[in-house]
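Structure, as structure tokens:
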Amino acid sequence: MNERYRLPYANFTVAVLAFFVGACMALMQALSRADLPLPLRSEQIYYLSMTAHGVLMALVFTTFFIMGLGYVFARTTLGQDTVNERVGWISFFVALIGTVLTAGAILSGTSTVLYTFYPPLQAHPLFYIGAALLVVGSWIWCWLMIRAYRLWRRDHAEAAIPLAMHGMLTTVIVWILATVGIAIEVVGMLIPWSLGITTTIDPVLARTFFWWFGHPLVYFWLLPAYAVWYAVLPRVAGGRLFSDPLARVVFVLFILLSTPVGFHHQFADPGISAGWKLAHTFATLAILFPSLLTAFTIIASLEVAGRLRGGKGLFNWIARLPWDDPLVSCVILAMLTFAVGGFGGAINAAYAMNAMVHNTAWVQGHFHLTVGTAVALTFMGTAYWLLPRITGKELRLKPVAQVQPYLWVIGMGLFSIVNHVTGMMGMPRRVYDLSYGGSPVAAAWAEWTTISAVGGVVLFVSAMMFVLVVFATVVWGKVGQAPAFEYAVPLDPAEPRASVWDRMGLWTVAAAALVLIAYLYPILQLLSMERFGSIGWKPF
Amino acid sequence: MHVDLYEKFWMWLSGVLLALFAAAIIYTAAAQAIQPPSHVETIDPTTSRTDPRFVSLGVTETADGQQVVVMAQMFAFTPTEIRVTAGRPVTFRLTSPDVIHGFQIVGSNANTMVIPGYVSQYTITFNRPGEYLIVCNEYCGLGHHLMYGTLIVEAPGGEG
């Protein structure tokens with residue numbers, strides 16, 4: 008183990024453990040969908056495991072992985088001394104203690120509130136306190152990333168920010184803007200209410216702060232994945248980055264547009280007027296633009312790689328890509344999946360069409376394509392790329408790592424397509440049992456869900472293959488020369504220079520202004536009404 | 043900033059695509075009045091069962107159609123069975139005395155959150171007579187999957 012990577016290594020370890028437990032929870036849900044008379048099968052276990060799966064996968068696995076990746080990017084692109092090790096460990100332990108508290112609260116059965124924890128469902132106070140600590144830990148990490156950038160900037164006044172770090176700084180800024188919302192909800196509303204300091208809570212206000220956070224949360228997941236697509240993939244595939252400046256434009260657009268979109272999750276909420284929902288709809292449509300741009304740049308970069316590897320003609324370059332490299336296959340499959348998930352997202356965000364899919368199985372089908380594949384599969388590929396570089400050990404069980412991404416996409420295809428179909432048929436999400444008193448409509452859903460259960464089992468096998476490769480490499484990996492960290496070189500040979508797209512402070516201020524425009528008036532409007540709060544309920 | 047010609051073309055194409063999406067939304071919202079349920083009205087959840095607005099639950103005839111008042115609570119809709127007439131606008135009014143619920147009439151566009159402290163309201167016309175399943179689509183506790191009801195849309199004239 009290279010001393011310099013102990014801190015990211017610790018973060019990755021927690022991420023993989025959370026992924027392992029989260030995947031086991033998913034298996035229980037998948038088997039429930041098949042309606043098998045399993046031992047231990049009950050409502051309690053089903054909804055508890057769903058809460059644990061959501062929290063561990065969406066909040067713990069992602070946050071720790073991203074923090075680890077941030078340290079690696081900062082050290083390898085900005086300089087080894089830019090990361091303050093001691094503060095990094097404080098961040099790690101604060102986030103870890105938070106995770107343990109929240110996970111404990113869930114597993115004790117006192118916090119079966121799902122990972123959206125909408126009040127007036129009331130969890131154990133430690134559920135909220137743990138979640139707050141996880142975010143505080145990530146804030147310390149944010150400060151470290153910004154500090155690393157500032158230290159580097161002092162000696163590199165004219166240079167463009169290394170692209171991997173540009174993407175990571177974007178992630179940091181989006182996260183800071185997003186977590187203001189969740190901090191207000193959790194610290195200002197949920198913690199005092201769960202401790203009995205306040206007696207009631209306004210669920211619509213809480214949901215508004217939650218979704219202020221909840222949508223940019225998906226870009227907190229996605230942007231580090233994009234950083235890998237832009238700054239790592241072209242290199243590993245043997246090509247060049249097609250356009251460096253457009254990559255920066257894409258990241259900046261995400262800073263601006265990630266947050267003022269949250270009402271598209273609240274289309275069906277009373278208490279929020281239609282005009283603001285429509286305004287957030289347009290911002291949501293606009294945020295599809297940087298992803299469409301990404302599709303072009305990454306595919307063009309891959310074409311460059313395929314042609315440099317001897318590809319001829321219109322399509323032969325595709326065959327020349329190194330499909331047996333687990334990073335390359337993970338990322339390409341993640342991208343293809345994301346193309347489907349992205350258009351599904353456009354349907355969710357469509358003001359009028361949303362009513363057809365809101366809170367149906369369609370929604371879980373959608374986000375398992377986006378965060379569950381575009382992000383998670385990219386992170387798995389990134390882990391295969393990182394492990395030898397930070398541990399100095401060769402990847403063990405490489406054939407398993409080569410097959411695993413394909414299996415993931417097959418499993419996700421079965422799981423997700425079925426969820427889209429049953430969602431269109433009206434099947435609600437997050438339900439333990441589909442009998443609905445023998446309703447023929449519900450019986451038609453149940454004919455499909457067995458397929459999604461099979462998909463879930465395939466996904467579980469793929470997840471375990473990933474965990475196995477990581478475990479085997481760490482424990483039995485042959486120690487050798489660690490490969491160097493090498494990032495993609497742009498097609499244009501001119502050294503990129505600092506431009507307006509590197510002015511992170513400027514874009515942060517602009518983004519904060521957009522957040523105020525999007526939220527200040529609707530929140531004041533809510534606060535100005537005569538409202539009646541709710542006491543807490545624990546129907547679990 | 044140099045941008046490749048094909049990429050420029052792609053950017054314009056993407057922009058046009060998104061503009062078309064936006065235009066479709068504006069058109070349906072403005073010309074066909076298709077809006078998500080966005081009624082703004084508050085109610086005290088601790089006294090909503092005795093609130094005059096929610097004392098008589100069920101269907102009543104109004105000048106231009108029918109009004110259905112529904113209480114959504116753990117883990118049932120009251121009334122469980124709702125009968126309305128096809129082809130006439132039906133206005134649903136809902137609230138919850140406990141946690142958040144969903145009210146989704148499967149096979150229609152009726153889909154709203156029911157949030158304690160607030161009154162959800164929206165109007166819809168059912169053109170197809172028949173029996174519809176109503177489900178709660180927001181997790182509300184361990185009995186969430188047991189929370190459902192029936193909507194019966196009868197053909198005009200009452201022959202059902």
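Chains as they are written, first to last, in the numbering used here: chain A, 8 to 547; chain B, 43 to 202. Where a beta carbon is used, it is the ideal one built from N, C-alpha and C, also for glycine. Here the structure is a predicted model, which means the values were calculated and not measured.
Beta-bridge analysis with DSSP links isoleucine 194(B) to Arg125(B) and Glu173(B). Here leucine 158(A) has Thr89 as same chain residues with Cβ atoms under 6 Å from its own Cβ, once five neighbours each way along the sequence are excluded. For proline 546(A), the three-state secondary structure derived from DSSP is coil.
Taking every protein chain shown into account, the CB of alanine 25(A) has 16 or more other CB atoms within 10 angstroms, so this residue is buried. Straight through space, the alpha carbons of threonine 429(A) and tyrosine 443(A) are spaced by roughly 15 Å. Here the alpha carbon of histidine 187(B) sits roughly 15 Å from the alpha carbon of leucine 55(A). Taking every protein chain shown into account, the CB of glutamine 411(A) has 16 or more other CB atoms within 10 angstroms, so this residue is buried. Serine 118(A) and threonine 58(A) do touch by the CB rule: their CB atoms are close to 7 Å apart, below 8 Å. Note on geometry: alpha-carbon atoms of tyrosine 391(A) and lysine 485(A) lie some 15 Å from one another. Pairwise C-beta distances place the segment 526-546 of chain A in contact with the segment 124-131 of chain A, as three or more of them are shorter than 8 Å.
Nearest CB-CB separation between asparagine 153(B) and chain A: below the 8 Å threshold. Sequence-distant partners of phenylalanine 492(A) (beyond 5 residues in either direction) whose C-beta falls short of 7 Å from its own C-beta, in its chain, are Thr83 and Arg396. Within chain B, Asn179 have C-beta atoms less than 7 Å from the C-beta of threonine 367(A), given in sequence order. CA-CA distance, valine 161(B) to valine 438(A), rounds to 25 Å. Among the residues of the segment 270-286 of chain A, those with a Cβ less than 9 Å away from any Cβ of chain B are Gln273, Phe274, Ala275, Asp276, Pro277, Gly278, Ile279, Ser280, Ala281, Gly282, Trp283, Lys284 and Leu285, in the order of the chain.
Around the C-beta of serine 446(A), 16 or more other C-beta atoms lie within 10 Å, and the residue is accordingly described as buried. Between valine 193(A) and the set Leu513(A), Tyr494(A), Leu212(A) and Gly111(A), the nearest pair of CA atoms involves Leu212(A). For a Cβ distance threshold of 8 Å, residue set Val82 and Thr84 of chain B lies close to methionine 536(A), ordered along the chain. Three or more beta-carbon pairs drawn from the segment 382-390 of chain A and the segment 324-338 of chain A are found closer than 8 Å, and the two stretches are therefore classed as touching.
The CB of histidine 143(B) never comes closer than 7 Å to any CB in chain A; the least such distance is about 10 Å.
Rounded to the nearest angstrom, the gap between the Cα atoms of glycine 348(A) and alanine 460(A) is 20 Å. Not a single CB atom of chain A sits nearer than 8 Å to the CB of threonine 133(B).
Contacts with chain B at 8 Å (Cβ-Cβ) include leucine 128(A).
Taking aspartate 106(B) as the centre and dropping the five residues before and after it, the same chain places the C-beta of Pro131 closer than 7 Å to its C-beta, in chain order. The C-alpha of isoleucine 166(B) is placed about 7 Å away from the C-alpha of alanine 152(B). Legend: CB atoms of the segment 127-153 of chain A lying less than 7 Å from CB atoms of chain B belong to residues Pro127 and Leu128. Separation of histidine 143(B) and cysteine 149(A) (C-alpha to C-alpha, rounded to the nearest whole angstrom) is 37 Å.
For threonine 288(A), the residues of chain B that pass the 7 Å Cβ criterion are Ile67, in the order they occur in the chain. A straight-line Cα-Cα distance of about 12 Å links valine 101(A) and asparagine 18(A). Secondary structure at phenylalanine 217(A): helix, using DSSP grouped into helix, strand and coil. Closer than 8 Å to the CB of phenylalanine 168(B) there is not a single CB belonging to chain A. For phenylalanine 261(A), the closest of Arg154(A), Gly246(A) and Val181(A) by C-alpha to C-alpha distance is Val181(A). At a cut-off of 8 Å between C-beta atoms, serine 98(B) does not count as an interface residue with respect to chain A.
Taking a Cβ-Cβ cut-off of 7 Å, the neighbours of threonine 70(B) in chain A comprise Ala359, given in sequence order. For the pair of segments examined, the segment 64-82 of chain A was found to touch the segment 167-175 of chain A: the number of CB pairs separated by less than 8 Å reaches three. Contacts between glutamine 115(B) and chain A, judged by CB atoms closer than 7 Å, are missing: the closest CB pair is about 10 Å apart.
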